[in-house]
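Undergrad: Sharing a structure below in structure tokens format, with a few things to ask.
This is the structure in structure tokens:
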């Protein structure tokens with residue numbers, strides 16, 4: 001089976017940097033994805049890591065350590081519109097399906 | 001591209017009634033996923049199809065749930081009979097199997113309320 005752990009809530013100040021951690025346990029691992037979901041909206045893809053290291057996409061970066069079964073999403077220069085839930089998700093080897101964590105609700109305050 | 005299309009967007013029904021949710025994936029995508037999202041259980045995969053063939057339905061909660069994909073541009077998720085505990089947001093997502101970094105494209109969801 002697969003299980004993921006991430007904090008349920010995080011609060012950060014506009015303009016600051018926030019890191020959302022994700023640890024996972026899985027019987028087979030292919031990659032770690034991150035999705036963003038605004039209230040009332042649909043999840044949207046942010047990033048994907050299959051190899052160890054940091055992937056950067058604009059203000060967002062994602063990191064993976066396969067040996068530690070750990071990853072994080074880093075959001076820089078926080079904006080009010082970044083207030084949303086962020087989900088990590090793992091995909092297993094040979095499988096196209098994703099198993100999602102319970103999500104981290106990020107609140108950006110002025 | 002119109003993105004993934006789901007209908008209806010909202011559905012309110014009474015316990016015992018049949019509910020049918022519909023999904024049109026992005027044109028050219030050959031993998032389709034049905035998810036259910038609740039506060040308690042989060043985002044759960046119910047079933048997914050590759051090239052219109054069901055690959056894994058182990059997430060379907062019970063026999064009251066069924067899903068079909070008669071062609072590459074249409075899928076349904078049916079609940080019969082519905083129960084109050086089925087109340088949730090149901091998302092459909094699609095992707096191209098030959099695509100990049102495991103990105104799934106989600107539809108807007110159907111918010112189901114069973115009274």
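Chains as they are written, first to last, in my numbering: chain A, 1 to 110; chain B, 1 to 115.
Every residue gets a Cβ at the ideal spot worked out from N, C-alpha and C, and that includes glycine.
Could you tell me the alpha carbon to alpha carbon distance between residue 52 of chain B and residue 92 of chain A, rounded to whole angstroms?
TA: Taking the second chain and counting its residues from 1, one reaches residue 52 of chain B at position 52. Taking the first chain and counting its residues from 1, one reaches residue 92 of chain A at position 92. Distance between the alpha carbons of residue 52 of chain B and residue 92 of chain A is about 21 Å.
Undergrad: Within the stretch 43–84 of chain A, note down every full beta strand (DSSP E) run reaching 3 residues or more, in order along the chain.
TA: For the stretch 43–84 of chain A, whole beta strand (DSSP E) runs of length 3 or above, ordered along the chain, are 44–49, 53–57, 60–65, 70–75.
Undergrad: Since residue 21 of chain A contacts residue 7 of chain A with CB under 8 Å, what's their CB separation in whole angstroms?
TA: By 1-based counting over the first chain, the position of residue 21 of chain A is 21. By 1-based counting over the first chain, the position of residue 7 of chain A is 7. About 7 Å; that satisfies the 8 Å criterion.
Undergrad: Output the distance between the C-alpha atoms of residue 54 of chain B and residue 34 of chain B, rounded to the nearest integer angstrom.
TA: Start at 1 with the first residue of the second chain, and residue 54 of chain B comes out as number 54. Start at 1 with the first residue of the second chain, and residue 34 of chain B comes out as number 34. Distance between the alpha carbons of residue 54 of chain B and residue 34 of chain B is about 11 Å.
Undergrad: Below 6 Å CB to CB, which residues in the same chain sit around residue 87 of chain A once its five sequence neighbours on both sides are set aside?
TA: Reading the first chain from its first residue, position 87 is the one you call residue 87 of chain A. So the list reads 35, 100, 101, 103, once near-sequence residues are dropped.
Undergrad: Chain B beta carbons: is any one of them nearer than 8 Å to that of residue 57 of chain A?
TA: As a working mapping, residue 57 of chain A is identified with position 57 in the first chain. Taking Cβ atoms only, chain B never reaches closer than 8 Å to residue 57 of chain A, which makes this a no.
Undergrad: For residue 72 of chain A and chain B, any beta-carbon pair shorter than 8 Å?
TA: For the purposes of this step, residue 72 of chain A is taken as residue 72 along the first chain, with counting starting at 1. No, its Cβ sits nowhere closer than 8 Å to a Cβ of chain B.
Undergrad: Just the C-alpha distance for residue 69 of chain A and residue 27 of chain A, rounded to the nearest angstrom, thanks.
TA: Counting from 1 along the first chain, the entry for residue 69 of chain A is found at position 69. Counting from 1 along the first chain, the entry for residue 27 of chain A is found at position 27. Distance between the alpha carbons of residue 69 of chain A and residue 27 of chain A: 11 Å.
Undergrad: May I ask you to report which of helix, strand or coil DSSP gives residue 22 of chain B?
TA: What you label residue 22 of chain B is simply residue 22 of the second chain in a count that begins at 1. Correct three-state label for residue 22 of chain B: strand.
Undergrad: Taking the runs of the beta strand (DSSP E) that are 3 residues or longer, which of them lie wholly in the stretch 20–76 of chain B?
TA: The stretch 20–76 of chain B contains these whole beta strand (DSSP E) runs: 31–38, 42–50, 53–56, 65–71.
Undergrad: Determine the contact status of residue 64 of chain A and residue 14 of chain A, defining contact as a CB-CB distance below 8 Å.
TA: Taking the first chain and counting its residues from 1, one reaches residue 64 of chain A at position 64. Taking the first chain and counting its residues from 1, one reaches residue 14 of chain A at position 14. Their beta carbons are not under 8 Å apart, which means residue 64 of chain A does not touch residue 14 of chain A by this criterion.
Undergrad: Going by DSSP, what residue range makes up the beta strand (DSSP E) through residue 12 of chain A?
TA: Counting from 1 along the first chain, the entry for residue 12 of chain A is found at position 12. 9–13 is the extent of the beta strand (DSSP E) around residue 12 of chain A.
Undergrad: Determine contact between the stretch 22–33 of chain B and the stretch 93–108 of chain B, defined as no fewer than three beta-carbon pairs at a distance below 8 Å.
TA: Output reads yes: the stretch 93–108 of chain B touches the stretch 22–33 of chain B.
Undergrad: DSSP puts residue 154 of chain B in a beta bridge; with which residues?
TA: Since the displayed chain B opens at 1 and closes at 115, residue 154 of chain B lies outside it and no answer follows.
Undergrad: Within 8 Å of any Cβ in chain B, is that where the Cβ of residue 125 of chain A sits?
TA: Past the edges of chain A, shown from 1 to 110, lies residue 125 of chain A, and the structure says nothing about it.
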